[in-house]
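Participant: Counted from 1, the sequence shown has number 184 at position 131 by my numbering; the numbering is strictly sequential. We put the CB at the ideal spot given by N, CA and C, even for glycine.
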Amino acid sequence: NLLDSTRQRKELCAAYQQLAFMYARTSNFALASTPTLKALKIAEELKDNTLLFDSYNGIGISYIREKKFDEAKNFYRKAIAVAIKGHNMAQLTRVYTNIGIAFRNQKNWDSSMYYHNKSLQLARETKNNYNIAFALNDI
């Protein structure tokens with residue numbers, strides 16, 4: 054059944070994303086790359102915006118942990134494009150915060166504040182208290 058197959062592939066993608074996140078969180082970056090790439094491949098094949106966003110954003114987070122800020126920003130920009138395409142303001146708020154963190158780590162204060170303020174403004178417009186708190190924490 055095609056529906057079951059698609060659902061199983063989405064679940065597999067999410068599992069790969071979680072595995073990669075756990076490896077990255079424990080600084081096992083070499084181990085994180087394989088499930089990360091598998092998750093991204095599945096997300097691209099399924100053309101699923103949520104999975105694509107989560108993959109791009111997750112890769113960006115991993116690069117932040119590795120202190121590879123330019124690479125992180127590249128994946129955050131891909132995540133921004135997916136969030137805009139899908140009109141997903143919650144995702145957009147999150148990734149604006151994340152790219153702001155990347156700029157902050159590079160001591161690019163103006164760009165960092167630009168993205169943190171965009172995140173805060175969008176969180177306020179959508180009345181997303183959770184993301185408001187995150188945005189305020191990073192300003």
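(1) Looking at C-alpha atoms only, which residue of Lys100, Gly153, Ser58 and Ser108 is the closest neighbour of Ala73?
(2) Looking only at its chain, what residues have a beta carbon closer than 7 angstroms to the beta carbon of Ile152, apart from the 5 residues adjacent to it on each side?
(3) If you draw a straight line from the C-alpha of Leu65 to the C-alpha of Glu178, how long is it?
(4) Using only the alpha-carbon positions, how far apart do His140 and Gln70 sit?
(5) Mind reading off the beta-carbon distance from Ile117 to Ala155? Whole number of angstroms is fine, and I expect it under 8 angstroms.
(6) How many Å lie between Thr59 and Leu90 at the Cα?
(7) How about Thr150 and Ala186: are their beta carbons less than 8 angstroms apart?
Facilitator: Taking the geometry as given:
(1) Ser108
(2) Lys126, Tyr129 and Tyr168
(3) 34 angstroms
(4) 22 angstroms
(5) 6 angstroms
(6) 18 angstroms
(7) no
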